[in-house]
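K.L.:
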Ligand SMILES: NC(=O)c1ccc[n+]([C@@H]2O[C@H](COP(=O)([O-])OP(=O)(O)OC[C@H]3O[C@@H](n4cnc5c(N)ncnc54)[C@H](O)[C@@H]3O)[C@@H](O)[C@H]2O)c1
């Protein structure tokens, strides 16, 4: 790892207040950041973004779901589990933790709730404990729009209430958020809770893959029918992965406890997503109607105005531009 040239810890921080959110001047540049789950889809992009912005990065990933080939050059890599007691040692000397390590597959969370509670909630708590012991004062957490349940209004704002969770994955996100708030209250830990909507892009190699974009893109490339519930009438908020990764790094200079939605601010119907992918490919594949699926939220999209007011973050790519990059990436691997 390169040398750390940030302000010495004895220097008094200069506090700036923008739209009610406290920002520490000078703490945004060259931080030492530990990324859990950095060999995964989102973590690999967050790491790449951090390195490009001049930060030092240590990844902790057990490669249970991640890939060595996704780890960007320039990051220090510890092949390890966040439940390892050595986590406190690994954390020492870092300014912040970006916590992404978790299991993400909703269906598996229903059949194996204990595995999910252990890896997402208990290991999330272990991350907080290791941070406390190693004196790391800032966490950025990968939460999810799922915490809102069935939205009461659109677009969803951060002040909207959390909703009932109909699967253990969602329950693990609510629980981990709650523990993070507790560490903020008890120890003054800075806590940035980011609620992602539907991230998509290159490096998305989940196995099994349950997300719409990679499945649709692969189906089009392989000239296979695309299975669609509700005739593709649901509205979702797709956010391109490089925009999402910049959102995660944009909150590093902030302090206190903050919640931010990360979405594109525009809902897109699933059928329009499919049509755009076919348009990019230049040919059509058949659509297989799967009928209705109980429990699906008909529409879900975010207001990200709070994040835009607190930072200079903006989503830069349109849905089509993001899909073009994603399509090219999957096509080059096919
Ligand atoms: N992908 C999405 O659509 C989405 C949406 C909202 C929130 N999130 C959250 O973002 C985070 C990252 O998601 P992703 O899509 O990149 O998933 P991913 O499976 O690609 O990445 C997760 C990474 O964490 C690692 N990991 C898991 N358990 C670990 C442990 N105990 N110790 C060390 N490493 C461990 C895995 O090996 C993997 O590399 C997760 O917390 C997820 O809940 C993802």
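Residue numbers (my numbering): 1 to 334.
Every residue gets a Cβ at the ideal spot worked out from N, C-alpha and C, and that includes glycine.
1) Is residue 144 near ligand 1, in the sense that its beta carbon is under 7 Å from a heavy atom of that ligand?
2) In three-state DSSP terms, what is residue 209?
3) Going by the C-beta, is residue 101 closer than 7 Å to any heavy atom of ligand 1?
4) Could you tell me how far apart the beta carbons of residue 164 and residue 234 are, in whole angstroms, since I believe they sit closer than 8 Å?
5) Hey, would you say the C-beta of residue 199 is under 7 Å away from at least one heavy atom of ligand 1?
6) If you follow the alpha helix (DSSP H) that residue 195 is in, where does it begin and where does it stop?
7) Considering only the alpha carbon of each residue, which of 35, 317, 107 lies closest to residue 72?
8) Using a 10 Å radius around the Cβ and a threshold of 16 neighbouring Cβ atoms, would you call residue 258 buried or exposed?
9) Once you ignore the five residues that flank residue 141 on each side, which residues in its own chain have a CB closer than 6 Å to its CB?
10) Does the distance from the CB of residue 148 to the CB of residue 156 come in under 8 Å?
11) With distances taken between CB atoms, is the gap from residue 101 to residue 82 smaller than 8 Å?
12) Is residue 94 near ligand 1 - that is, is its Cβ less than 7 Å away from at least one heavy atom of it?
13) Should residue 315 be listed as close to ligand 1, given that the test is whether its C-beta is under 7 Å from any heavy atom?
14) By a C-beta neighbour count over all protein chains shown, 10 Å radius and 16 as the cutoff for buried, is residue 286 buried or exposed?
15) Please tell me whether residue 336 and residue 270 are closer than 8 Å, where the distance is taken between their beta carbons.
16) Within 8 Å, do at least three Cβ pairs link the segment 194 to 209 to the segment 242 to 257?
17) If you check the beta carbons only, do residue 75 and residue 49 fall under 8 Å apart?
18) For residue 259, which beta-bridge partners are listed by DSSP?
19) Over what stretch of residues does the alpha helix (DSSP H) that includes residue 175 continue unbroken?
20) Could you tell me the alpha carbon to alpha carbon distance between residue 127 and residue 224, rounded to whole angstroms?
21) Per DSSP, what kind of secondary structure is residue 77 in: helix, strand or coil?
P.N.:
In brief:
1) yes
2) Residue state, collapsed to three classes: coil.
3) yes
4) Not quite, the Cβ-Cβ distance comes to about 19 Å (not below 8 Å), so this is no contact.
5) yes
6) That residue, residue 195, is in no alpha helix (DSSP H); its beta strand (DSSP E) goes 190 to 196.
7) Restricting attention to 35, 317, 107, the CA atom closest to the CA of residue 72 is found in 35.
8) buried
9) 99, 180, 193
10) yes
11) yes
12) no
13) no
14) Result: exposed.
15) The first residue shown for the chain is 1 and the last is 334, placing residue 336 beyond what the model contains.
16) yes
17) no
18) 193
19) 168 to 187
20) Taking the straight line from one Cα to the other gives about 42 Å.
21) Looking at residue 77 - three-state DSSP - the assignment turns out to be strand.
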